[in-house]
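In the UniProt record's numbering, the protein residues as written are 1 to 184.
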């Protein structure tokens with residue numbers, strides 16, 4: 001069975017992303033076509049790129065990098081849950097992605113963004129990043145507005161149609177993850 005990580009891409013105290021990532025995970029776990037795991041980048045305490053050798057070399061020396069590498073390598077695909085900060089993804093998620101290289105290769109990714117514009121610019125930013133890592137990004141995405149999907153910009157209350165959007169995106173991530181398995 002395919003394994004898909006739902007990656008919580010914010011480490012900010014009081015982050016909205018935790019509720020969003022748990023919601024996506026709850027929807028995903030109703031499915032039987034893959035297994036899903038919520039992966040919180042905050043749990044890995046990744047400092048700002050402290051490995052002496054570029055990640056493309058695969059020569060990790062730090063325990064946090066090795067643990068992160070093993071976790072990411074165990075998945076066939078990803079759903080990135082990202083806030084939008086200043087027209088881009090979070091620095092913490094970018095840093096976590098940049099720690100590794102081959103562990104991301106030949107896998108698929110979908111995106112769930114949240115912010116004033118539904119996280120659209122953060123998702124576009126991530127599409128550029130994952131392309132360099134040989135990740136196939138799927139077309140369907142989920143955009144959650146702080147205005148319509150949150151109460152007072154902080155209490156997550158997604159509109160009813162958003163669950164369907166999550167499932168459409170997951171359909172594509174699972175299909176592409178399966179198709180890319182032969183390359184791995």
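By construction, the Cβ of each residue, glycine as well, lies at the ideal position given by its N, Cα and C atoms.
What is the rounded straight-line gap between the Cα of residue i and the Cα of residue j?
| i | j | result |
| --- | --- | --- |
| residue 144 | residue 35 | 24 Å |
| residue 155 | residue 123 | 22 Å |
| residue 157 | residue 171 | 23 Å |
| residue 56 | residue 74 | 18 Å |
| residue 106 | residue 77 | 9 Å |
| residue 103 | residue 152 | 38 Å |
| residue 62 | residue 23 | 32 Å |
| residue 28 | residue 1 | 14 Å |
| residue 10 | residue 167 | 22 Å |
From the DSSP output, in three-state form, read off residue i for me.
| i | result |
| --- | --- |
| residue 69 | helix |
| residue 184 | coil |
| residue 9 | coil |
| residue 137 | strand |
| residue 30 | coil |
| residue 126 | helix |
| residue 156 | strand |
Between the Cα of residue i and the Cα atoms of the options, which residue gives the shortest distance?
| i | options | result |
| --- | --- | --- |
| residue 38 | 184, 67 and 71 | 71 |
| residue 18 | 114, 95 and 77 | 114 |
| residue 47 | 118, 150 and 97 | 97 |
| residue 3 | 109, 44 and 120 | 109 |
| residue 118 | 65, 6, 87 and 59 | 87 |
| residue 183 | 167, 134 and 79 | 134 |
| residue 128 | 146, 94, 83 and 41 | 94 |
| residue 8 | 160, 14, 21 and 168 | 21 |
| residue 142 | 79, 65 and 30 | 79 |
| residue 189 | 112, 82 and 66 | The question about residue 189 has no answer here: the residues shown for the chain are numbered 1 through 184. |
Opposite residue i in the DSSP bridges: which residues?
| i | result |
| --- | --- |
| residue 115 | 145 |
| residue 81 | 8 and 112 |
Should the region 130 to 149 be called in touch with the region 169 to 176, which here means at least 3 C-beta pairs below 8 Å? yes
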